[in-house]
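Single-structure report; data block below.
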Amino acid sequence: MRIALFATCLGDTLFPEAVQATAVLLARLGHDVVFPPGQTCCGQMHVNTGYQRDALPLVENFAGEFGDSSIDAVVAPSGSCVGSIRHQHEIVASRYGRPALRERVDLVSGKTYELSELLVDVLGVVDVGAWFPHRVTYHPTCHSLRMIRVGDKPLRLLRAVRDLDLVALPDAESCCGFGGTFALKNAETSTAMLGDKIRNVAETDAEYCTAGDSSCLMHIGGGMSRLRMGTRTIHLAQILASVREPARAVTR
Numbered sequence: 087m088r089i090a091l092f093a094t095c096l097g098d099t100l101f102p103e104a105v106q107a108t109a110v111l112l113a114r115l116g117h118d119v120v121f122p123p124g125q126t127c128c129g130q131m132h133v134n135t136g137y138q139r140d141a142l143p144l145v146e147n148f149a150g151e152f153g154d155s156s157i158d159a160v161v162a163p164s165g166s167c168v169g170s171i172r173h174q175h176e177i178v179a180s181r182y183g184r185p186a187l188r189e190r191v192d193l194v195s196g197k198t199y200e201l202s203e204l205l206v207d208v209l210g211v212v213d214v215g216a217w218f219p220h221r222v223t224y225h226p227t228c229h230s231l232r233m234i235r236v237g238d239k240p241l242r243l244l245r246a247v248r249d250l251d252l253v254a255l256p257d258a259e260s261c262c263g264f265g266g267t268f269a270l271k272n273a274e275t276s277t278a279m280l281g282d283k284i285r286n287v288a289e290t291d292a293e294y295c296t297a298g299d300s301s302c303l304m305h306i307g308g309g310m311s312r313l314r315m316g317t318r319t320i321h322l323a324q325i326l327a328s329v330r331e332p333a334r335a336v337t338r
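For the sequence shown, counting from 1, position 65 maps to 151 in the working numbering; every step adds exactly one.
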């Protein structure tokens, strides 16, 4: 399958490891991964803050870059951005674009997937051959849970990882408090929600907290680092891309 990788703004600028891991994983599974060089932001930030018309050039660019008929699927290591592509792009295209744009948007959004969706629903894979010998807890991010409804797909993938000790996160479905600009406009509420999430992560004694969105991991990881908890954050893609290294021969 020919799969186009959408890096997302956050992945491109702050968390390239998650993007690279996605490419490595899919290539290891035997797929042709391509990276459209002209890709930019999906426009979610603009739409969420009330600037829908300003998001139009970004929607047009996304539809153009990923609309190539040779591309079988588009994948992003972000449930949040995939949610924007599936729902917000249609709104922007219908209100401010031409009919031809709406057609392209429908075509591209219909083949755009979050990583766990692509693996389980499209590629039919649960065991990706990963190895990660650590105690891990999983935070289901709001957009992946409520907007694109990935369900238990990330958990099914994690349970198949060799030597991974998956421990349930108390009150897992509660928001971490990030919500993009919500964390800036409602800082006190966001901080209180983050405090609840961090206390729940601490109860698990996990070495790592994982999720399908780097934005939430950034928020949670920042809070945990300030408290010097010792628990680290890691994107789901990085766990799934991890494999046991072969033993090296000792030469004398």
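Just so it is clear, CB atoms sit at the ideal spot from N, CA and C, and this is done for glycine as well.
- Per DSSP, residue 192 lies in no beta strand (DSSP E); the unbroken alpha helix (DSSP H) holding it starts and ends at 185-195.
- Contact between the segment 247-265 and the segment 299-313 is present: three or more C-beta pairs spanning the two stretches fall below 8 Å.
- Per DSSP, residue 204 is not a residue of any alpha helix (DSSP H), being assigned neither H nor E.
- In this model, residue 167 and residue 109 are separated by some 17 Å (Cα to Cα).
- In the three-state DSSP reduction, residue 200 falls in the strand class (E or B).
- Excluding residues up to 5 positions away in sequence, 157, 158, 159 and 160 lie with their Cβ nearer than 8 Å to the Cβ of residue 197 in the same chain.
- Bounds of any beta strand (DSSP E) do not take in residue 128, whose DSSP letter is neither H nor E.
- About 19 Å separates the beta carbon of residue 236 from that of residue 115, a gap too long to meet the 8 Å contact definition.
- Per DSSP, the unbroken beta strand (DSSP E) holding residue 295 starts and ends at 294-297.
- A residue is called buried once 16 or more other Cβ atoms fall within 10 Å of its Cβ, and residue 271, having fewer, is exposed.
- The three-state secondary structure of residue 284, taken from DSSP, is helix.
- Nearest neighbour of residue 215 by Cα position, chosen from 205, 221 and 121, turns out to be 205.
- Spanning the alpha carbons of residue 139 and residue 171 requires a straight line of approximately 15 Å.
- Between residue 200 and residue 150, the C-beta gap is not smaller than 7 Å, which leaves the two residues out of contact.
- Under the three-state reduction of DSSP output, residue 117 falls in the coil class, being neither helix nor strand.
- Residue state for residue 325 is assigned as helix, using DSSP reduced to three classes.
- According to the DSSP assignment, residue 216 belongs to no alpha helix (DSSP H), since it is labelled neither H nor E.
- In the DSSP annotation of this structure, the continuous segment of the beta strand (DSSP E) that includes residue 224 starts and ends at 221-224.
- Residue range 165-169 is occupied by the alpha helix (DSSP H) that includes residue 168, with no beta strand (DSSP E) assigned at that position.
- Taking all protein chains in view, the Cβ of residue 253 is surrounded by fewer than 16 other Cβ atoms within 10 Å, so the residue is classified as exposed.
- In the structure shown, the three-state DSSP call for residue 93 is coil.
- For residue 159, the enclosing beta strand (DSSP E) stretches over residues 159-162.
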